[in-house]
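Right, one structure below, let's go through it.
Numbering (my numbering), first residue to last: 1 to 78.
So, in C-alpha coordinates, the structure goes:
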(Lines of atoms letter the chains of each structure in order from A and count residues from 1; the text may use other names and numbers.)
(Lines give C-alpha, C1' and ligand atoms only; values in the text may rest on other atoms or scores of the structure.)
Protein backbone atom coordinates (compact mmCIF):
# COMPACT_ATOMS: atom_id res chain seq x y z
CA UNK A 1 0.00 0.00 0.00
CA UNK A 2 1.41 3.38 -0.99
CA UNK A 3 1.41 6.41 1.23
CA UNK A 4 -0.08 9.72 0.04
CA UNK A 5 3.34 11.23 -0.76
CA UNK A 6 4.30 8.24 -2.91
CA UNK A 7 1.00 8.49 -4.80
CA UNK A 8 1.39 12.25 -5.27
CA UNK A 9 4.93 11.86 -6.60
CA UNK A 10 3.79 9.12 -9.00
CA UNK A 11 1.11 11.47 -10.33
CA UNK A 12 3.79 14.15 -10.73
CA UNK A 13 5.97 11.73 -12.72
CA UNK A 14 3.00 11.01 -14.99
CA UNK A 15 2.37 14.73 -15.46
CA UNK A 16 6.05 15.34 -16.24
CA UNK A 17 5.76 12.80 -19.06
CA UNK A 18 2.50 14.32 -20.33
CA UNK A 19 0.82 11.12 -19.13
CA UNK A 20 2.80 8.92 -21.51
CA UNK A 21 3.58 6.88 -18.40
CA UNK A 22 0.79 6.38 -15.88
CA UNK A 23 1.08 6.87 -12.14
CA UNK A 24 0.11 3.20 -11.73
CA UNK A 25 3.04 2.17 -13.95
CA UNK A 26 5.39 4.28 -11.84
CA UNK A 27 4.10 2.73 -8.61
CA UNK A 28 4.40 -0.80 -10.01
CA UNK A 29 7.84 -0.33 -11.56
CA UNK A 30 10.72 -2.48 -10.40
CA UNK A 31 13.27 -0.57 -12.48
CA UNK A 32 14.46 2.98 -12.95
CA UNK A 33 12.20 5.66 -14.37
CA UNK A 34 14.45 5.75 -17.44
CA UNK A 35 13.71 2.05 -17.98
CA UNK A 36 10.02 2.97 -17.98
CA UNK A 37 10.70 5.50 -20.72
CA UNK A 38 10.97 8.72 -18.70
CA UNK A 39 13.21 11.07 -20.68
CA UNK A 40 15.84 13.43 -19.31
CA UNK A 41 13.58 16.36 -20.18
CA UNK A 42 10.76 14.79 -18.18
CA UNK A 43 13.11 14.29 -15.23
CA UNK A 44 14.00 18.00 -15.32
CA UNK A 45 10.31 18.87 -15.42
CA UNK A 46 9.74 16.53 -12.48
CA UNK A 47 12.50 18.13 -10.38
CA UNK A 48 11.05 21.58 -11.07
CA UNK A 49 7.54 20.44 -10.18
CA UNK A 50 8.65 18.81 -6.92
CA UNK A 51 10.67 21.84 -5.89
CA UNK A 52 7.72 24.15 -6.66
CA UNK A 53 5.13 21.94 -4.95
CA UNK A 54 7.03 21.12 -1.76
CA UNK A 55 9.54 23.97 -1.47
CA UNK A 56 12.47 21.58 -1.13
CA UNK A 57 15.65 21.09 -3.14
CA UNK A 58 15.77 17.77 -4.94
CA UNK A 59 19.01 15.96 -5.69
CA UNK A 60 18.78 15.31 -9.46
CA UNK A 61 20.90 12.19 -8.96
CA UNK A 62 18.08 10.57 -6.99
CA UNK A 63 15.26 11.32 -9.39
CA UNK A 64 15.64 8.28 -11.66
CA UNK A 65 15.11 5.84 -8.77
CA UNK A 66 11.53 6.35 -7.62
CA UNK A 67 11.94 4.70 -4.21
CA UNK A 68 14.98 6.87 -3.43
CA UNK A 69 13.13 9.94 -4.69
CA UNK A 70 10.20 9.28 -2.35
CA UNK A 71 12.54 8.72 0.60
CA UNK A 72 14.54 11.87 -0.20
CA UNK A 73 11.48 14.10 -0.47
CA UNK A 74 9.93 12.59 2.66
CA UNK A 75 13.14 13.22 4.58
CA UNK A 76 13.28 16.83 3.46
CA UNK A 77 9.68 17.43 4.51
CA UNK A 78 10.31 16.32 8.09
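Note that beta-carbon positions come from the ideal geometry of N, C-alpha and C, so glycine has one too.
Quick caveat: nothing in here was measured; it's all calculated off a predicted structure.
8 Å Cβ cutoff met for residue i and residue j
{"i": "residue 32", "j": "residue 57", "result": "no"}
{"i": "residue 38", "j": "residue 13", "result": "yes"}
{"i": "residue 43", "j": "residue 2", "result": "no"}
Selection from the options that minimises the alpha carbon distance to residue i
{"i": "residue 80", "options": "17, 26 and 30", "result": "Outside the displayed range of the chain (1 to 78) lies residue 80, so it cannot be described from this structure."}
{"i": "residue 5", "options": "61, 50, 60 and 59", "result": "50"}
{"i": "residue 46", "options": "68, 60 and 36", "result": "60"}
{"i": "residue 19", "options": "36, 78 and 3", "result": "36"}
{"i": "residue 78", "options": "54, 68, 62 and 67", "result": "54"}
{"i": "residue 40", "options": "8, 67, 62 and 71", "result": "62"}
Same chain only: Cβ atoms within 6 Å of residue i, ignoring 5 sequence neighbours per side
{"i": "residue 23", "result": "10, 11 and 14"}
{"i": "residue 29", "result": "36"}
Cβ neighbours of residue i in the same chain (closer than 7 Å, five flanking residues each side left out)
{"i": "residue 70", "result": "5, 6 and 9"}
{"i": "residue 68", "result": "62"}
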